[in-house]
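According to UniProt numbering, the sequence shown is numbered sequentially starting from 1. Take a look at the structure set out below.
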Amino acid sequence: MQANQEKERRRAEAIQHWQAKMDLEQVKEDRKIMEKDLSTLSGNQLQYYLQRQAEIMERLANRGRQVLE
């Protein structure tokens, strides 16, 4: 029984570690997109980055709302 609990604890820790790593990667990617110099882009590239920036801002706004709830 105790071995199963230890196995589950380790599994939960591994999942938390993986999630933290993925969150960090997402933050890095978001930062690159938000800091992109859009003045050098045109057409489809510009639209892509504007859309991605809007998605990031929406995700951050939603995260802020969740914290307040």
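Positions of the beta carbon are idealized from the N, C-alpha and C atoms, including for glycine.
Thinking C-alpha only, which one of Tyr49, Gln26, Lys7, Tyr48 is nearest Leu60?
-> Gln26
Beta-carbon proximity list for Met34, same chain, < 7 Å, skipping 5 on both sides | Gln53, Ile56
N- and C-terminal bounds of the alpha helix (DSSP H) containing Lys28 | 2 to 34
Pair within 8 Å by beta-carbon distance, Tyr49 and Leu38 | Yes. Within cutoff.
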